[in-house]
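Protein sequence lines, in the order shown, are assigned to chains A and B.
Residue numbering for the first sequence follows the UniProt record's numbering, starting at 1 and increasing by one per position.
Residue numbering for the second sequence follows the UniProt record's numbering, starting at 1 and increasing by one per position.
A virtual CB, placed ideally from N, CA and C, is assigned to each residue, including glycine.
This structure is a prediction, so every number in the text was calculated from the model and none was measured.
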Amino acid sequence: MIETQSLCVSLGGAQVVHDIDLTVERGRLTALVGPNGAGKSTLLAALGRLVPPAAGAIRVDGTEIGRIPSPDLARRLAILRQNAVIAPRLSVADLVGFGRYPHSGGRLTAQDHDIVRDCLADLDLTDLAGRYLDTVSGGQRQRALIAMTLAQTPDALLLDEPLNNLDLSHVRRVMAVARARAETGAAVAVVLHDLTVAARHADHIVALKSGRVFASGPPEEVVTPEILSALYDTPLEVHDIAGKRVVLTV
Amino acid sequence: MTSTPAALCGLLALSLVSLAVGVGTLSADAEGLWLVAISRAPRTAAALLTGAGLAVAGVIMQMLARNRFVEPATAGTGQAAGLGLVAITLLAPAAALWLKMAGATAAALIGTAGFLALVRRLPPEAPLLVPLTGIVYGGILGAATTFLAFERDLMQYIDIWMNGEFSGVMLGRYEFLWISGALTALAFAYARRFTIAGMGEEASTGLGLDYRRIMALGLAIVSIVTAVTVVTVGLVPFVGLVVPNIVSRMRGDNLAATLPLVALSGAGLVLACDILGRVLRYPFEVPVGTILGVLGAAVFLWLLHARPARG
Ligand SMILES: Nc1ncnc2c1ncn2[C@@H]1O[C@H](COP(=O)(O)OP(=O)(O)OP(=O)(O)O)[C@@H](O)[C@H]1O
Ligand SMILES: [Mg+2]
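Here it is, written out as structure tokens:
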């Protein structure tokens, strides 16, 4: 579980995330939504200890995040960044294997290899395992990065726009894998732009606007035309189609 | 993985050739043995250590700079080492060799750290800006060195330090290169971590790696290997660029798997160029730095054209 208390984060001298109290609970999938520049990535980076808080506190399973030794934290928490760029020329399998680094350090054990194989299969990458990252497509690359994050087998899984570049079937697959991780007890937070997907797969939605929590609650409460139209400053419709909430721009 | 044993065999064969080729004729008696022990064997070892060290230093530097077009000899490390060497020579002309080595190493450390700080600010969409910056940066350091040396009549030393050659290598005059060899071996233990560092600071932190520490270690290895090489045999260009790039194309950048091949290929390339230099205008010698300068520039151009700018 990750909780924040009056969390403020500054970037380049300007405060972009203000006074956030939020809990990413274990066993649940929490979606972070909001317009461009709302502070979703900044908040997620702070939760993933990549950006230090300007004020307030972040606790992971009750312990202040800064007090957890970095190698220890890497075994418990994994984060996928929105614009991750992997410069070294690695094969897909090698990249995913590096996700095991916090656990195995040097050589991968037989168990590590099993986990890597499962993560590759979960992301439908088995056939691409031997390909170099600079020879796969954008969506395949994104899936490889997700698989690497999953290979860290974290208790807290943070994914910043994991659905970028993915086709419909892989959107479903990634959300199913994220859900499965939540159901086995992990705390999962995912930044999403597709509100229909968020309404469908999340247990809890946190909507950010201008660096503050604009609304939060279960999908039924947050995914409403009033809240969403105000959140994005544009008219939006929410329809019930076959028992599911579908968000439409007009 | 088949290419590493192949490279090892090639290297052994080259070493035997290197022991046999040279101005003095080899005889199967005490005199011949003496020639081998005093001159040919040290020269061969020096070429191997230099090549392996610079190739490994090159690939580490490419990981730290997150750019595949940099290497110690073209991005200021070698030039900074030269500057440090000239400075020490001016301040304390009678300084012992190890002191000169220390001065060159310190200057190389500062120079390389300065280069990495400079290129951190460059936009990642324009990868060629990094080597361009390195060439200009190295040029400025080199100009400062030349100015100092010219003022104080040290120009002939500059030529020796800035254009590597092995003709002066003899027993007792190359042993510092074993330091470089030891650091090259040390790099193997950190291969996985250097690859992670190549993924960037955030990815490193995400995997629980102390990014600053691995940067500092890499910086130290690159600087010491380069400084030791400059002081002992002179700057040898392009090895650190050409070898890692070719290995990367063939085998990728997972250094835990590829570093042996990088080291062996670097050693083989420098030794082959040295042998070539001995026979090309026999009985005169062409410095290995000159041969690699020509060869390396050609391969570099090919690399630039054959690989899309954003790799
Ligand atoms: N390095 C920086 N220096 C200063 N301000 C920054 C920096 N990076 C981002 N910002 C600003 O911080 C705010 C929050 O950015 P953030 O990336 O967290 O938004 P986001 O909600 O993830 O947006 P998106 O949906 O576009 O990914 C934005 O207003 C952005 O302009
Ligand atoms: Mg973002």
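Identification of chain B residues near A:S137 by a Cβ-Cβ cut-off of 7 angstroms yields none; the smallest Cβ-Cβ distance measures about 15 angstroms.
Rounded to the nearest angstrom, the gap between the Cα atoms of A:N165 and A:V190 is 15 angstroms. Counting only beta-carbon distances shorter than 7 angstroms to the non-hydrogen atoms of ligand 2, the qualifying residues in chain order are A:K40, A:S41, A:Q82, A:D160, A:E161, A:V191. Using a CB distance below 8 angstroms, the part of the stretch 193–227 of chain B facing chain A consists of T195, I196, G198, M199, G200, E202, A203, T205, G206, L207, G208, L209, D210, ordered along the chain. Listed along chain A are A87, each with a C-beta nearer than 8 angstroms to that of B:R66. Looking at the backbone, the Cα of B:A95 and that of B:T146 are separated by about 20 angstroms.
Assigned with DSSP and collapsed to three states, A:T249 falls in strand.
Per DSSP, reduced to three states, the secondary structure at B:S15 is helical.
In this structure, the straight-line span from the alpha carbon of B:G24 to that of B:L33 is close to 12 angstroms. In the DSSP assignment, A:R173 falls within the alpha helix (DSSP H) that extends over 168–183.
Within chain A, R89 have C-beta atoms less than 8 angstroms from the C-beta of B:S248, given in sequence order. In the displayed model, B:V36 falls within a helix according to three-state DSSP. Partner residues in the beta bridge of A:Q15, as assigned by DSSP, are A:S10. With the rule of 3 Cβ pairs closer than 8 angstroms, the stretch 252–261 of chain B does not count as touching the stretch 35–43 of chain B.
Contact between A:I115 and A:R100 holds: CB atoms are separated by about 7 angstroms, below the 8 angstroms threshold. Along the stretch 60–92 of chain B, the alpha helix (DSSP H) occurs as fully enclosed runs of 4 or more residues at 77–91, listed in sequence order. Three or more pairs of CB atoms, one per stretch, sit closer than 8 angstroms, so the stretch 22–29 of chain A contacts the stretch 195–204 of chain A. In terms of CA proximity to B:A220, B:L109 leads the group B:V17, B:L109, B:G82. Remark: three or more beta-carbon pairs, one from each stretch, lie closer than 8 angstroms, so the stretch 66–77 of chain B and the stretch 121–133 of chain B are flagged as touching. In this model, A:S10 and A:G56 are separated by some 12 angstroms (Cα to Cα). Taking A:S6 as the centre and dropping the five residues before and after it, the same chain places the C-beta of D19, D21, A55, G56 closer than 7 angstroms to its C-beta, in chain order. For A:A198, the Cβ stays outside the 7 angstroms cut-off from all heavy atoms of ligand 1.
Residues of the same chain with a CB within less than 8 angstroms of the CB of B:M61, apart from the 5 flanking positions on each side, are V70, E71, P72, A75, T77, T112, G218, V222, G240 in chain order. Taken in chain order, the whole alpha helix (DSSP H) runs of length 4 or more contained in the stretch 87–127 of chain A are 92–98, 101–104, 110–122.
The straight-line gap separating the alpha-carbon atoms of B:D153 and B:I160 is approximately 14 angstroms. Per DSSP, reduced to three states, the secondary structure at B:S204 is helical.
Under the Cβ criterion of 8 angstroms, B:N254 is counted among the residues facing chain A.
Take A:G243, set aside five residues on each side of it, and no residue of its chain has a beta-carbon closer than 8 angstroms to its own. Take B:P260, set aside five residues on each side of it, and the residues of its chain with a beta-carbon closer than 7 angstroms to its own are T4, in chain order. Secondary structure of A:S216 (DSSP, three-state): strand. Judged by DSSP secondary structure, A:V188 falls within the beta strand (DSSP E) whose first and last residues are 187–191. When DSSP states are grouped into helix, strand and coil, B:V286 belongs to the coil group.
When DSSP states are grouped into helix, strand and coil, B:I140 belongs to the helix group. The beta carbon of B:P124 sits closer than 8 angstroms to some beta carbon of chain A. Taking the Cβ of A:V16 as the reference point, at least one heavy atom of ligand 1 falls within a distance shorter than 7 angstroms.
Close to A:S169, with beta-carbon spacing below 7 angstroms, lies no residue of chain B; the smallest spacing is near 28 angstroms.
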